[in-house]
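Protein chains in written order, with my numbering: chain A, 1 to 116; chain B, 1001 to 1116.
From the three backbone atoms N, C-alpha and C, an ideal C-beta is built for every residue, glycine too.
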Amino acid sequence: AQSVTQPDIHITVSEGASLELRCNYSYGATPYLFWYVQSPGQGLQLLLKYFSGDTLVQGIKGFEAEFKRSQSSFNLRKPSVHWSDAAEYFCAVGGELGSSASKIIFGSGTRLSIRP
Amino acid sequence: GAVVSQHPSWVICKSGTSVKIECRSLDFQATTMFWYRQFPKQSLMLMATSNEGSKATYEQGVEKDKFLINHASLTLSTLTVTSAHPEDSSFYICSARDHRGFHEQYFGPGTRLTVT
């Protein structure tokens, strides 16, 4: 079965500073990887996803993530954060479609706060 | 495109009563829908996977007789919380996967359930 670890529960960065949120996954085959963002009391918005191909993935709102198979990681980055980026960020992993692992499993989340 | 709605967005019910939550895919057909539960400041925990026309598959520890899931059509899945207790109070989120086999799941905005 697949699993996801987000080691940072809460991160605070200054507005305009760069950001990196860590995500490590466990899955025996090539994973399908996602980053979602959730604002308080809201549903989930997909930031980006990796299925195959280029390991550097561009997403919405200026976010990008890099898939590193050797490190089982899929860290999320943004060069310059804005106050509106304050939210909860979830990394998620899914397995092969049609398999018992095709469901998407979420990490525990990282809460991002922005310092003015 | 790829919009998922949930109804109601929030509901308050008394202990012992049942409450039904609807999840609809508005502009695509969803062979598979998922139900998640999220406690305050925690991650999404997958409760069950429902496939149109067949019984739902529940995750370990989820009471199938308490959380009844019906996926009667390619655009509608319902979650009924039976004999609700205050500990069932939570944020329930559904997601839907496009029937064409794409791996991405589209999430609804969530339903806040409060049991008094």
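Per-residue contacts from G94(A) into chain B (C-beta, under 7 Å): H1103
Closer than 8 Å to chain A by CB, L1044(B): yes
Residues in the segment 1038 to 1072 of chain B having any Cβ partner in chain A nearer than 7 Å: S1043, L1044, L1046 and T1049
Amino acids of chain B, ordered along the chain, whose beta-carbon sits closer than 9 Å to that of K61(A): Simply none; closest approach about 17 Å.
Separation of S73(A) from G107(A), as counted between CA atoms: 12 Å
Collapsed DSSP secondary structure at D85(A) in the structure displayed: helix
Local Cβ density within 10 Å of H10(A), reported as buried at 16 or more and exposed below that: H10(A) counts as exposed, since fewer than 16 other beta carbons sit within 10 angstroms of its beta carbon.
Residues within the segment 1077 to 1111 of chain B neighbouring chain A, beta-carbon criterion of under 7 Å: I1093, G1101, H1103, E1104, Q1105, F1107, G1108, P1109 and G1110
Within 9 Å of chain B by C-beta, residues of the segment 27 to 49 of chain A in sequence order: Those residues of the segment 27 to 49 of chain A that come within reach of chain B (Cβ to Cβ, closer than 9 Å) are Y32, F34, Y36, Q38, G41, Q42, G43, L44, Q45, L46 and K49.
CB contact below 8 Å: G107(A) versus chain B: Answer yes: the Cβ-Cβ gap between G107(A) and chain B drops below 8 Å somewhere.
T1116(B) beta carbon less than 8 Å from that of K1041(B): Not in contact: K1041(B) and T1116(B) (Cβ atoms no closer than 8 Å).
Any chain A beta carbon closer than 8 Å to F1034(B): yes
Minimum C-alpha distance to L48(A) - residue among Y32(A), S39(A), Q42(A) and G41(A): Y32(A)
Host beta strand (DSSP E) of D1098(B) (start-end): S1090 to D1098
Own chain residues within Cβ distance below 6 Å of E88(A), not counting five before or after: If we look at E88(A) and ignore the five residues flanking it on each side, its Cβ neighbours are Q38, G109 and R111.
I105(A) and V81(A) closer than 8 Å at C-beta: no
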